[in-house]
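Student: Numbering (this note's numbering), first residue to last: 1 to 353.
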Amino acid sequence: MAAVFLVMLYEYSPLFYISVITLCFIITAAMVLGWFGFDVPVILRSSDEAESLSTAPEKTMVQVTNPFALELGTKTASITEGITLRPGCLEECVLTCYWGCSIQALQLAMQSHQRGPRLSTPQLFQEALHFQYHHCQSFILDKESKEEQFSQIPADLGITDLGPMPRERYPLVAVLTLAEPDARETYNIVANVAVIHVPDDKYRLSARVLFQHLLTAQGNMYELKPLFMSSDNEGSTRAADPPASGDASEEPQGPGEEAVEEEDDQASEGEWSEAQGKDCVVCQNAPLNRVLLPCRHACVCDGCVSRLQHCPMCRAFVMESFALCHRPPASAETEEEEEEENKDVGGNGDHEE
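1. Comparing the C-beta of Leu106 with each C-beta of chain C, is any distance below 8 Å?
2. Does the region 141-157 come into contact with the region 70-83, if we say contact requires no fewer than three beta-carbon pairs (one atom in each stretch) closer than 8 Å?
3. Applying the criterion that 16 or more other CB atoms from any shown protein chain within 10 Å of the CB defines a buried residue, is Asp156 buried or exposed?
4. Give the list of continuous beta strand (DSSP E) stretches no shorter than 3 residues that lie fully inside the region 154-188.
5. Could you please give me the residues that DSSP links to His310 through a beta bridge?
6. If you follow the alpha helix (DSSP H) that His113 is part of, which residue opens it and which one closes it?
7. Out of Glu223, Arg204, Ala207, which one is the CA nearest neighbour of His213?
8. In terms of residues, what are the limits of the alpha helix (DSSP H) holding Phe125?
9. Any idea which residues DSSP pairs Met31 with across the strands?
10. On the three-pair Cβ rule with 8 Å, is the region 95-106 touching the region 138-145?
11. Count the CB pairs spanning the region 164-175 and the region 101-111 that are closer than 8 Å, and state whether there are at least three.
12. If I'm right that Ile79 touches Thr186 with Cβ under 8 Å, what's the distance once you round it to whole angstroms?
13. For Pro199, count neighbouring Cβ atoms within 10 angstroms of its own Cβ and tell me buried if that reaches 16, exposed if not.
14. Just to confirm my understanding: we take Ser236, look at its own chain, exclude 5 residues before and 5 after, and list those with CB closer than 7 Å. What are they?
15. Let me check understanding here. Comparing Cα to Cα, which of Leu324, Phe322, Arg296 lies closest to Arg315?
16. Quick check on this structure: which residue in Leu292, Leu119, Ile189, Asp201 has the alpha carbon closest to the alpha carbon of Met319?
17. Quick test of your reading: Ala179 and Glu71, contact by CB under 8 Å. State the CB separation rounded to the nearest angstrom.
18. Does Tyr17 come out as helix, strand or coil in the three-state DSSP assignment?
19. Within the same chain, show all residues whose beta-carbon is closer than 7 Å to that of Ser321, passing over the 5 residues directly before and after it, in chain order.
20. Quick check on Asp350: does DSSP put it in helix, strand or coil?
21. So Asn188 and Thr216 are in contact, right, with Cβ under 8 Å, and what is the actual spacing, rounded?
22. Using only CA atoms, which one of Gly158, Gly219, Met313 lies nearest to Met229?
23. From Ala109 to Phe68, what distance separates their C-alpha atoms?
24. Name the one or two DSSP bridge partners that His213 has.
25. Would you kindly work out how many angstroms separate the C-alpha atoms of Met8 and Tyr17, rounded to a whole number?
26. Could you check where the beta strand (DSSP E) with Pro87 kicks off and where it finishes?
27. Using three-state DSSP, classify Ile399 as helix, strand or coil.
28. In or out: Pro166 buried (at least 16 other Cβ within 10 Å) or exposed?
29. How is Leu23 classed by DSSP in three states: helix, strand or coil?
30. Hey, how far is the Cα of Leu129 from the Cα of Ala323?
31. Could you name the residues of the same chain whose beta carbon sits closer than 6 Å to that of Ala244, not counting the 5 residues immediately before and after it, in chain order?
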């Protein structure tokens with residue numbers, strides 16, 4: 001019967017016949033791929049299948065206190081005109097700028113920190129670089145000072161660029177270390193190494209921080225990475241100023257508690273208070289508390305993360321997630337609120353003798 005129907009359909013319109021067969025093939029292939037666990041668009045899945053999908057595993061994180069923060073200043077930067085840096089540290093620190101630092105020398109210095117003496121002072125870091133840089137300049141920073149510091153290569157060196165690509169030197173390596181010996185014993189993180197691109201005559205890409213690493217007293221090295229958040233989501237849970245503009249923006253860097261991945265030895269940058277002041281982009285009800293990996297979008301709450309396979313911001317596949325802070329379940333919070341209300345009622349009631 002089906003064969004007769006297909007023959008009649010082909011005689012009626014060959015183009016329509018080919019379209020029907022193609023559509024049937026696509027639907028069948030999507031169902032087979034979805035059955036074997038391949039990533040298939042959600043529109044082709046049934047509701048029962050979507051509910052049975054496994055949730056992304058939670059990343060094991062450890063909170064550590066980062067005493068360092070470093071941002072680019074407001075002045076336009078270049079090799080010949082210099083650059084301004086805006087630090088903000090929890091303790092008195094030393095900012096050391098290495099202009100034209102050798103890439104190989106920096107890599108060897110970071111490796112020596114893991115194997116040998118910890119690079120906790122500017123002198124130790126300078127020796128680990130084997131003085132393979134064009135110019136070095138240091139600044140003493142007061143505790144929690146936000147004053148911008150200006151650094152520049154001396155004009156008498158005659159350096160206007162670092163040569164053609166690929167280069168053997170970084171334009172600028174900024175190192176933050178603790179100034180007081182007592183502070184080095186207090187904090188687990190002893191140094192912040194930031195590699196900064198500064199434009200010159202041959203490579204005019206705007207100034208930016210390429211990457212940052214945190215060095216610990218145990219010889220570990222963590223990469224400091226940004227979190228991303230919707231700039232349109234003004235949460236009602238807590239008052240927080242949204243980023244300036246754009247669909248997704250980088251969280252402001254600041255000293256404080258950082259979440260560090262135990263397995264990959266990476267750190268996630270951002271102030272938790274900024275994230276906790278916004279609501280989940282999915283339910284628009286609960287405060288966002290989950291960061292999705294590998295895209296690093298902080299956009300959903302603890303309840304919605306279990307129902308997602310794709311990031312609602314960029315549609316990237318969610319491999320893992322971690323919590324910005326550990327919150328009690330909603331039922332536990334409700335019970336605690338009810339207990340507090342009962343205590344208030346019992347304590348404030350009027351009694352007659």
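We put the beta carbon where it would ideally sit given N, CA and C, even for glycine.
Fair warning: this is a prediction, and the values are worked out from it, not measured in the lab.
Tutor: Walking through what the data contain:
1. No chain C appears in this structure, which consists of one protein chain only.
2. yes
3. Walking along the sequence shown from the start, residue 156 turns up at place 156. Around the CB of Asp156, fewer than 16 other CB atoms lie within 10 Å, so the residue is classed as exposed.
4. 169-178
5. Along the sequence shown, one-based indexing puts residue 310 at 310. Phe317.
6. For the purposes of this step, residue 113 is taken as residue 113 along the sequence shown, with counting starting at 1. Run containing His113: 103-115, per the alpha helix (DSSP H) assignment.
7. Indexing the sequence shown from 1 puts residue 213 at position 213. Comparing Cα positions, the closest option is Glu223.
8. Reading the sequence shown from its first residue, position 125 is the one you call residue 125. Looking at the DSSP string, the run of the alpha helix (DSSP H) that includes Phe125 is 122-128.
9. Looking up residue 31 in the sequence shown gives position 31. Answer by DSSP bridge pairing: none, since Met31 is not bridged.
10. yes
11. Three or more Cβ pairs closer than 8 Å define a contact, and the region 164-175 meets that threshold against the region 101-111.
12. Here residue 79 corresponds to residue number 79 of the sequence shown, with the count starting at 1. Here residue 186 corresponds to residue number 186 of the sequence shown, with the count starting at 1. Actually they do not touch by this definition, with Cβ atoms about 37 Å apart.
13. As a working note, residue 199 is residue 199 in the sequence shown. Result: buried.
14. Taking the sequence shown and counting its residues from 1, the one referred to as residue 236 is at position 236. In this prediction, Ser236 scores a pLDDT of 37, lower than 50, which makes its location untrustworthy; no coordinate-derived value is stated.
15. Here residue 315 refers to the residue found at position 315 of the sequence shown. Comparing Cα positions, the closest option is Arg296.
16. Translated into positions along the sequence shown, residue 319 becomes position 319. Residue Leu292 is the option with its Cα nearest to Met319.
17. Against the sequence shown, residue 179 aligns to sequence position 179. Against the sequence shown, residue 71 aligns to sequence position 71. About 20 Å separates the two Cβ atoms, so there is no contact after all.
18. Here residue 17 refers to the residue found at position 17 when the sequence shown is read from its first residue. Three-state result, Tyr17: helix.
19. Along the sequence shown, one-based indexing puts residue 321 at 321. Apart from sequence neighbours up to five positions away, the residues of its chain that approach Ser321 with a beta-carbon distance below 7 Å are Ala56, Glu58, Lys59, Arg290, Val291, Leu292, Leu293, Val305, ordered along the chain.
20. On the sequence shown, residue 350 is found 350 positions in, with the first residue counted as 1. Model confidence at Asp350 stands at a pLDDT of 47, short of 50, so the residue's coordinates are unreliable; what they give is reported in the following sentence. Coil.
21. What you label residue 188 is simply residue 188 of the sequence shown in a count that begins at 1. What you label residue 216 is simply residue 216 of the sequence shown in a count that begins at 1. The Cβ separation is near 5 Å, so the contact holds.
22. Numbered from its first residue, the sequence shown carries residue 229 at position 229. For Met229, the nearest C-alpha among the options comes from Met313.
23. Taking the sequence shown and counting its residues from 1, one reaches residue 109 at position 109. Taking the sequence shown and counting its residues from 1, one reaches residue 68 at position 68. If I take the Cα positions, the gap works out to 20 Å.
24. Position 213 of the sequence shown, counting from 1, holds the residue named residue 213. According to DSSP, which records beta bridges pairwise, His213 is partnered with Val193, Glu223.
25. Translated into positions along the sequence shown, residue 8 becomes position 8. Translated into positions along the sequence shown, residue 17 becomes position 17. Rounded to the nearest angstrom, the two C-alpha atoms are 9 Å apart.
26. Sequence index remark: in the sequence shown, residue 87 carries index 87 (1-based). From DSSP, the beta strand (DSSP E) with Pro87 extends over 83-87.
27. As shown, the chain starts at 1 and ends at 353. That puts residue 399 outside it, with no answer to give.
28. Here residue 166 is taken as the residue at index 166 of the sequence shown, counted from 1. Result: exposed.
29. Your numbering for residue 23 matches position 23 in the sequence shown. Note: Leu23 maps to helix in three-state DSSP.
30. Start at 1 with the first residue of the sequence shown, and residue 129 comes out as number 129. Start at 1 with the first residue of the sequence shown, and residue 323 comes out as number 323. Approximately 37 Å between the Cα atoms of the pair.
31. On the sequence shown, residue 244 is found 244 positions in, with the first residue counted as 1. Bear in mind that the predicted position of Ala244 carries a pLDDT of just 31, short of 50, making it unreliable; the figure below should be weighed with that in mind. Excluding sequence neighbours, Ala244 sits near nothing in its chain.
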